[in-house]
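Inspection log for the structure reproduced underneath, given as structure tokens.
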Amino acid sequence: MSTPLNALLTLHAFADAGDPRGLTSVCSAHPLVIEAALIEALQTGSIACIEATCNQVNQEGGYTGMTPVDFRDFVLAIARTVDFPVGRILFGGDHLGPNPWKHLPADEAMAKAEAMTYAYAAAGFGKLHLDASMACADDPTPLSVATIAKRAARLAIAAEQGASEGSHPAPGYVIGTEVPVPGGAMEELDVLEVTSPADAATTLAIHEETFREAGLEGVLDRIAGLVVQPGVEFGNANVMRFKPEEASDLSGWRQATGGIVFEAHSTDYQPTEALRALVAGGFCILKVGPGLTFALREALYGLDQIAGILVPSYTGGALMRSMEASMLAAPKNWAGYYPGSDEEKFVQRHFSYSDRIRYYWNLPEAQRAVEALFEALGERDLPETLVSQYLAGVYDDVSAARLKPTARNLVIASIRKALAPYSAACSRG
Numbered sequence: 030m031s032t033p034l035n036a037l038l039t040l041h042a043f044a045d046a047g048d049p050r051g052l053t054s055v056c057s058a059h060p061l062v063i064e065a066a067l068i069e070a071l072q073t074g075s076i077a078c079i080e081a082t083c084n085q086v087n088q089e090g091g092y093t094g095m096t097p098v099d100f101r102d103f104v105l106a107i108a109r110t111v112d113f114p115v116g117r118i119l120f121g122g123d124h125l126g127p128n129p130w131k132h133l134p135a136d137e138a139m140a141k142a143e144a145m146t147y148a149y150a151a152a153g154f155g156k157l158h159l160d161a162s163m164a165c166a167d168d169p170t171p172l173s174v175a176t177i178a179k180r181a182a183r184l185a186i187a188a189e190q191g192a193s194e195g196s197h198p199a200p201g202y203v204i205g206t207e208v209p210v211p212g213g214a215m216e217e218l219d220v221l222e223v224t225s226p227a228d229a230a231t232t233l234a235i236h237e238e239t240f241r242e243a244g245l246e247g248v249l250d251r252i253a254g255l256v257v258q259p260g261v262e263f264g265n266a267n268v269m270r271f272k273p274e275e276a277s278d279l280s281g282w283r284q285a286t287g288g289i290v291f292e293a294h295s296t297d298y299q300p301t302e303a304l305r306a307l308v309a310g311g312f313c314i315l316k317v318g319p320g321l322t323f324a325l326r327e328a329l330y331g332l333d334q335i336a337g338i339l340v341p342s343y344t345g346g347a348l349m350r351s352m353e354a355s356m357l358a359a360p361k362n363w364a365g366y367y368p369g370s371d372e373e374k375f376v377q378r379h380f381s382y383s384d385r386i387r388y389y390w391n392l393p394e395a396q397r398a399v400e401a402l403f404e405a406l407g408e409r410d411l412p413e414t415l416v417s418q419y420l421a422g423v424y425d426d427v428s429a430a431r432l433k434p435t436a437r438n439l440v441i442a443s444i445r446k447a448l449a450p451y452s453a454a455c456s457r458g
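If you want my numbering, it's the 1-based position in the sequence shown plus 29.
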């Protein structure tokens with residue numbers, strides 16, 4: 030029987046045969062996003078690939094306070110509530126490397142990165158993106174590909190040991206990184222440089238040679254993906270859509286080389302036709318994260334306005350004011366990313382495509398505000414006219430009686446609307 034790990038490792042075979050299959054990789058730690066992703070995968074009969082980043086989840090807790098074991102158990106608990114088969118979940122670790130500790134000297138940062146990668150593998154994460162591309166405190170900038178590959182090999186050794194000692198199958202790997210750094214661009218974008226075939230070939234060749242020298246010959250067949258820049262990205266206020274013709278040389282190199290597919294990061298907000306074109310071009314692993322919490326925030330803010338209309342004791346805008354207070358009280362997760370005037374920063378804090386507000390939903394005061402919103406609306410059916418006004422994306426399903434318009438249902442449905450283009454792009458039909 031095929032497993033989620035096998036599905037990852039055989040992506041290249043379908044692409045090499047001219048029948049590419051896609052894999053949606055959901056990178057989020059928000060419980061409602063994970064629930065929506067599992068329901069979407071259940072309804073479409075697909076694998077649920079759920080990933081955590083090195084900053085979200087690590088052996089020190091990350092910004093979510095969760096270790097890899099904690100995150101795994103957190104997702105499994107949600108899966109049980111929606112009757113999702115746990116055997117169809119592929120857990121992934123994204124940008125595993127020294128990024129959380131890059132302020133430290135390289136030796137210290139890499140020791141922590143190795144411990145983190147070991148912990149991910151020991152917890153049963155089967156898809157590991159090894160990314161040692163970031164310069165540490167005593168490193169030159171930028172790092173050479175050779176240095177990046179040597180550090181990736183160290184991480185792979187830790188992962189192999191972790192998987193073995195955790196009694197899990199040996200994991201599949203993704204190598205390489207994208208530009209800009211994780212989390213999206215800070216500026217408005219108008220031009221992106223697509224990875225050249227020469228750079229992709231160099232990255233792959235040096236990693237393979239370095240892994241062999243490190244005694245990792247057996248790992249090479251499990252390098253499933255190479256992260257490249259296909260020409261997709263989002264800034265605070267705009268989205269660069271995929272243009273297949275600009276990545277045709279890169280796609281041609283992959284097809285001629287075979288044995289690997291591309292992983293595309295920052296595919297958030299791409300329309301269905303762009304995602305389908307990515308998969309067709311060999312960019313078979315589609316990462317999405319901020320676009321899903323953006324949809325979550327849209328839905329919650331819409332419900333916040335509806336509650337203000339329907340519930341006398343609830344003041345519309347209460348959730349937004351609470352989130353604004355939280356972001357102003359702890360600005361480190363947005364202050365360096367949102368330029369402009371105070372008015373422009375206010376808009377970006379709440380409505381930026383980069384969605385830095387996602388770092389605040391797990392705060393106790395934010396959770397209380399969301400709970401107060403759900404409690405105010407309860408299980409009542411919300412008027413479809415108000416759904417049309419404030420949650421237009423799911424209005425058709427409500428008006429056609431395909432969706433019961435309770436507050437929670439509307440949030441899950443809104444996130445699934447953001448996932449639907451990925452399901453369409455990754456389906457075989």
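From the three backbone atoms N, C-alpha and C, an ideal C-beta is built for every residue, glycine too.
These numbers come from a predicted model, not from an experiment.
Going by beta carbon distance, what residues of the same chain come within less than 6 Å of E207, once the five residues before and after it are set aside? Taking the sequence shown and counting its residues from 1, the one referred to as residue 207 is at position 178. Taken in chain order, the residues that qualify are V256, Q258 and H294.
Using beta-carbon positions only, say whether L184 and A161 come within less than 8 Å of one another. Taking the first residue of the sequence shown as 1, we reach residue 184 at position 155. Taking the first residue of the sequence shown as 1, we reach residue 161 at position 132. Yes. Within cutoff.
Can you tell me whether DSSP reads C56 as helix, strand or coil? As a first step, residue 56 is located in the sequence shown; it is residue number 27 there, counting from the start. Correct three-state label for C56: strand.
Quick one, which of G195, R445 and R457 has its alpha-carbon nearest Q72's? The residue given as residue 72 occupies position 43 in the sequence shown. Of G195, R445 and R457, the residue nearest in Cα terms is R445.
Comparing alpha-carbon positions, which option in E413, G287, E373 and E394 lies nearest Q233? In the sequence shown, the residue the question calls residue 233 occupies position 204. Inspection of the sequence shows that residue 233 is occupied by Leu rather than by Gln. The shortest Cα separation from L233 among E413, G287, E373 and E394 belongs to G287.
Specify whether the segment 238-258 and the segment 31-43 touch according to this definition: at least 3 beta carbon pairs, one from each stretch, less than 8 Å apart. Short answer: they touch.
Look up K316 in the DSSP assignment and give the residues it is bridged to. Indexing the sequence shown from 1 puts residue 316 at position 287. In the DSSP output, where bridge partners are listed per residue, K316 has S54.
Quick check: the segment 377-386 against the segment 356-363, are there 3 or more CB pairs under 8 Å? yes
Test: F240 CB closer than 8 Å to a CB of chain B: Here chain B cannot be found, since the structure has a single protein chain.
L142 (DSSP reduced to helix, strand or coil): By 1-based counting over the sequence shown, the position of residue 142 is 113. Here residue 142 is Ala; the residue named in the question, Leu, does not match the sequence. If DSSP states are grouped into helix, strand and coil, A142 belongs with the helices.
By the three-class DSSP mapping on this structure, what secondary structure does E189 have? Reading the sequence shown from its first residue, position 160 is the one you call residue 189. Correct three-state label for E189: helix.
Going by DSSP, what residue range makes up the beta strand (DSSP E) through Y424? Taking the sequence shown and counting its residues from 1, the one referred to as residue 424 is at position 395. First-last for Y424: Y424 to S428, but that is the alpha helix (DSSP H), not the beta strand (DSSP E).
What span of residues does the alpha helix (DSSP H) with F403 cover, start to end? Indexing the sequence shown from 1 puts residue 403 at position 374. P393 to L406 is the span of the alpha helix (DSSP H), which, as asked, contains F403.
Between which two residues does the alpha helix (DSSP H) containing F380 stretch? By one-based count along the sequence shown, residue 380 stands at place 351. Where F380 is concerned, the enclosing alpha helix (DSSP H) stretches over D371 to F380.
Suppose you measure from the CA of L245 to the CA of L406; what does that come to, to the nearest Å? Taking the sequence shown and counting its residues from 1, the one referred to as residue 245 is at position 216. Taking the sequence shown and counting its residues from 1, the one referred to as residue 406 is at position 377. The straight-line gap from Cα to Cα measures roughly 56 Å.
Suppose contacts are defined by Cβ-Cβ distances below 8 Å. Is E194 in contact with I441 by that definition? As a position in the sequence shown, residue 194 is number 165, starting the count at 1. As a position in the sequence shown, residue 441 is number 412, starting the count at 1. It is not a contact, given that the beta carbons lie outside the stated cut-off.
Find out if the Cβ-Cβ distance for the pair C165, K141 is shorter than 8 Å. Residue numbering aside, residue 165 sits at position 136 when the sequence shown is read from its first letter. Residue numbering aside, residue 141 sits at position 112 when the sequence shown is read from its first letter. No; because the gap between Cβ atoms is not below 8 Å, this pair is not in contact.
Looking only at C-alpha atoms, which of T96, A429, A227 and A138 sits nearest to D167? Locating residue 167 in the sequence shown gives position 138, where the first residue counts as 1. Taking D167 as reference, the option from T96, A429, A227 and A138 with the minimal CA-CA separation is A138.
If we ignore side chains and look at the alpha-carbon of each, how far apart do P209 and D371 end up? Taking the sequence shown and counting its residues from 1, one reaches residue 209 at position 180. Taking the sequence shown and counting its residues from 1, one reaches residue 371 at position 342. Note that P209 scores 43 on pLDDT, short of 50, meaning its location in the model is unreliable; the coordinates nonetheless yield the value given after this. In a straight line, the C-alpha of P209 is about 25 Å away from that of D371.
If you draw a straight line from the alpha carbon of S173 to that of L339, how long is it in whole angstroms? Numbered from 1 along the sequence shown, position 144 holds the residue referred to as residue 173. Numbered from 1 along the sequence shown, position 310 holds the residue referred to as residue 339. About 59 Å.
Under the three-state DSSP convention, the category F240 falls into: Position 211 of the sequence shown, counting from 1, holds the residue named residue 240. The answer is helix: DSSP assigns F240 an H, G or I state.
Residues of its chain near I68, where Cβ-Cβ distance is below 6 Å and the 5 sequence neighbours each way are ignored: Looking up residue 68 in the sequence shown gives position 39. Around I68: V111.
Residue range of the unbroken alpha helix (DSSP H) whose run includes V220: As a first step, residue 220 must be located in the sequence shown, where it is residue number 191. V220 -> no alpha helix (DSSP H), and no H or E assigned at all.
Helix, strand or coil: which one does DSSP assign to T39? On the sequence shown, position 10 is the one that residue 39 refers to. T39: coil per DSSP, three-state reduction.
What's the gap between the Cα of V220 and the Cα of P412? Position 191 of the sequence shown, counted from the start, is the residue given in the question as residue 220. Position 383 of the sequence shown, counted from the start, is the residue given in the question as residue 412. Roughly 44 Å between the two C-alpha positions.
The segment 315-325 contacting the segment 44-60, beta-carbon criterion three pairs below 8 Å: yes
Reduced DSSP category for G281 - H, G, I as helix; E, B as strand; rest coil: Mapped onto the sequence shown, residue 281 falls at position 252. DSSP places G281 in helix when its eight states are reduced to three.
Express the C-alpha separation of G155 and L52 in angstroms, rounding to a whole number. The count along the sequence shown starts at 1 and reaches residue 52 at position 23. The count along the sequence shown starts at 1 and reaches residue 155 at position 126. Each residue's alpha carbon lies about 14 Å from the other.
Cβ neighbour criterion (16 or more within 10 Å) applied to G74: Here the question's residue 74 lines up with position 45 in the sequence shown. Exposed.
T414, enclosing alpha helix (DSSP H) - first and last residue: As a working mapping, residue 414 is identified with position 385 in the sequence shown. Run containing T414: E413 to Y419, per the alpha helix (DSSP H) assignment.
Keeping to the same chain, check which residues put their C-beta closer than 7 Å to that of L432; ignore five residues upstream and five downstream. The residue labelled residue 432 in the question sits at position 403 within the sequence shown. So the list reads V423, D426, N438 and A442, once near-sequence residues are dropped.
Between the Cα of A303 and the Cα atoms of L420, A181, F375 and F271, which residue gives the shortest distance? Within the sequence shown, the letter at position 274 stands for residue 303. Of L420, A181, F375 and F271, the smallest CA-CA separation from A303 is found for F271.
Out of N84, Y389, D48 and L119, state which residue places its alpha-carbon closest to the alpha-carbon of I76. For the purposes of this step, residue 76 is taken as the residue at position 47 of the sequence shown. Checked all of N84, Y389, D48 and L119; the closest Cα to I76 is L119.
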